[in-house]
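Q: Would you mind keeping the following structure in view while I ask a few things?
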Amino acid sequence: MLPSFLVPMLCNLYIFRRGDTILHLTLLPTGTCFYCCPIQLNRDVQFLLYTRRNPIYGDLLDFNDAATLRNSNFNVKHPTIIYVHGYSDSSAGKGPTAIRNAYLRRGHYNVILINWPKLAVLPWYITAVRNTRIIGPYLAHMIGRITGLDPAYPLYMNTGEEGHLTWADAVFVDVIHTDGGNFGFPSPLGHVDFYPNGGVRRQPGCDLKSLVRMGFRRIINQYITCGHNRAWRYYAESVENPYGFPASRCPRWRPGIHANCMWKPEAYMGFVADPKYRGKFYLSTNSRTPYARNLTGHKLKK
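So that you can map any letter, position 289 of the sequence shown is 289 in full-length UniProt numbering, and since no number is skipped, the others follow by simple counting.
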């Protein structure tokens, strides 16, 4: 238990900007360990609702107070999307913001961003992994579909199915792998798993040659996380271009790959992924926006 007079200094959330990346840092982790800062759920886990009526400033929802939902802009007639940010991020980060904006440009949605930066903060990755179990119960038994955006691999690889995302966690689980074996899980986890550009770290546009025009700090930041972040970038783009990412069971997503099959569009990655899909699918993308190869707005002929 920390002495109360040390809590403000050691447990405050410090925010730094490094290039165009926002970093969140605390001097001690927030969690359940004996030296951890205490968790205050009402403060440390926030549910922020965005709709077309309030696209910039979210309504703060309290799961213990139904009045906050009744008095918000939530509309039961509209689909609800829930987005949980990852390690060293917040609901104001690039990924959550891109997903939110894409859905609200597409139509009327209730977009709920779960904000838990103090529980997922630098440099306390081990504690952040443990804290995901605090977030999970909020969402249990209420999710019809889960889209895993390059689910985390470090410290999850040996946990068994009870410790990481699996196909059993929702009615339909689709996964986009973009940094397999590095920050992201390389093996299939869902009912359907998509492997853009082979699902590996060196996604198009993520090599040093492509990043050399950036400043040194931005190069380092982007090079480390570029492949991992491609997952949310591809998904956000798919919301507005649903048929932009055609995929095939055939792994010949680029010339030079030897396989006894022909690549042909059999599925679509992202927003319109069909719950009937099963198995592994492969595709290629562009190295910069638009990442989608199909810009027609229509399905491709098989």
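Yeah, the Cβ is synthetic: ideal placement off N, Cα and C, and Gly gets one too. None of these values were measured; they are calculated from a predicted model.
For I99, list the residues DSSP reports as bridge partners.
A: For the purposes of this step, residue 99 is taken as the residue at position 99 of the sequence shown. DSSP lists no partner for I99.
Q: Can you give me the C-alpha to C-alpha distance between G160 and D59, rounded to a whole angstrom?
A: Within the sequence shown, numbered from 1, the residue matching residue 160 stands at position 160. Within the sequence shown, numbered from 1, the residue matching residue 59 stands at position 59. Cα to Cα, the separation comes out at about 37 Å.
Q: Taking the runs of the beta strand (DSSP E) that are 3 residues or longer, which of them lie wholly in the UniProt domain "Lipase" (135-291)?
A: 145-149, 172-176, 192-196, 279-283, all fully within the UniProt domain "Lipase" (135-291).
Q: Run through DSSP, which three-state label would Y125 get?
A: Position 125 of the sequence shown, counting from 1, holds the residue named residue 125. Residue state, collapsed to three classes: helix.
Q: Less than 8 Å between the CB atoms is what I'm expecting for D150 and F183, so what's the real figure, rounded?
A: Here residue 150 corresponds to residue number 150 of the sequence shown, with the count starting at 1. Here residue 183 corresponds to residue number 183 of the sequence shown, with the count starting at 1. Beta-carbon to beta-carbon, D150 and F183 are separated by about 7 Å, close enough to satisfy the 8 Å threshold.
Q: Once the 5 residues before and after F185 are set aside, which same chain residues still bring their CB inside 6 Å of it?
A: Residue mapping note: residue 185 aligns to position 185 of the sequence shown, counting from 1. Contacts found: P151, Y153.
Q: Take I99 and list the residues in its own chain whose beta-carbon comes closer than 6 Å to its own, dropping the five residues that flank it on each side.
A: The sequence position of residue 99 within the sequence shown is 99, counting from 1. Correct list, in chain order: Y83, A236.
Q: Considering only the alpha carbon of each residue, which of H78, S284, V76 lies closest to G198?
A: Locating residue 198 in the sequence shown gives position 198, counting from the first residue. Nearest option by C-alpha distance: S284.
Q: Using C-beta distances below 6 Å, list every residue in its chain close to V111, excluding the 5 sequence neighbours before and after it, in chain order.
A: In the sequence shown, the residue the question calls residue 111 occupies position 111. Closer than 6 Å at the Cβ level, and outside the excluded window around V111, lie Y50, I81, R100, Y103.
Q: Please classify L48 as buried or exposed, where buried requires at least 16 neighbouring CB atoms within 10 angstroms.
A: Counted from its first residue, the sequence shown places residue 48 at position 48. Classification of L48: buried, given that the 10 Å Cβ count is 16 or more.
Q: Have a look at the DSSP bridge pairing and note the partners of Q46.
A: As a working note, residue 46 is residue 46 in the sequence shown. According to DSSP, Q46 bridges with N115.
Q: Grouping DSSP H, G and I as helix and E and B as strand, with all else coil, what is R52?
A: Your numbering for residue 52 matches position 52 in the sequence shown. Looking at R52 - three-state DSSP - the assignment turns out to be coil, as it is neither helix nor strand.
Q: Does any residue of chain C have a CB that is nearer than 9 Å to the CB of Y291?
A: You won't find chain C in this structure, because it holds only one protein chain.
Q: Who are D59's beta bridge partners in DSSP?
A: Position 59 of the sequence shown, counted from the first residue, corresponds to residue 59. Looking at the DSSP assignment, D59 forms a beta bridge with L49.
Q: Would you mind sorting residue 307 into buried or exposed? The rule is 16 or more other CB atoms within 10 Å of its CB.
A: Examination of residue 307 is not possible in this model, given that the chain is present from 1 through 302 alone.
Q: Spell out the partners DSSP gives S82 in its beta bridges.
A: Residue mapping note: residue 82 aligns to position 82 of the sequence shown, counting from 1. A quick correction: the sequence has Ile, not Ser, at residue 82. Looking at the DSSP assignment, I82 forms a beta bridge with I112.
Q: Can you give me the C-alpha to C-alpha distance between P38 and T127, rounded to a whole angstrom?
A: Within the sequence shown, residue 38 is the residue found at index 38, counting from 1. Within the sequence shown, residue 127 is the residue found at index 127, counting from 1. Straight-line Cα distance between these residues: approximately 12 Å.
Q: Going straight from the alpha carbon of S250 to that of M269, what length do you get?
A: The residue labelled residue 250 in the question sits at position 250 within the sequence shown. The residue labelled residue 269 in the question sits at position 269 within the sequence shown. Note that residue 250 corresponds to Cys in the displayed sequence, not to Ser. If I take the Cα positions, the gap works out to 14 Å.
Q: Report the residue from V173, W124, N42, N54 whose alpha carbon sits nearest the alpha carbon of I114.
A: Translated into the one-based positions of the sequence shown, residue 114 becomes position 114. N42 is the residue among V173, W124, N42, N54 whose C-alpha sits nearest the C-alpha of I114.
Q: Using the rule of at least 16 other Cβ atoms within 10 Å of the residue's Cβ for burial, across every protein chain shown, is H258 buried or exposed?
A: Here residue 258 refers to the residue found at position 258 when the sequence shown is read from its first residue. Counting Cβ neighbours within 10 Å, H258 comes out exposed, since fewer than 16 surround it.
Q: Count the other CB atoms within 10 Å of the CB of Y14; is the residue buried (16 or more) or exposed (fewer)?
A: Residue numbering aside, residue 14 sits at position 14 when the sequence shown is read from its first letter. So Y14 ends up on the exposed side.
Q: Using a 10 Å radius around the Cβ and a threshold of 16 neighbouring Cβ atoms, would you call Y35 buried or exposed?
A: Indexing the sequence shown from 1 puts residue 35 at position 35. Looking at its Cβ environment, which holds fewer than 16 other Cβ atoms inside 10 Å, Y35 is exposed.
Q: Short check: CB of T225 to CB of P196, under 9 Å?
A: Indexing the sequence shown from 1 puts residue 225 at position 225. Indexing the sequence shown from 1 puts residue 196 at position 196. For T225 and P196, no; Cβs fall outside 9 Å.
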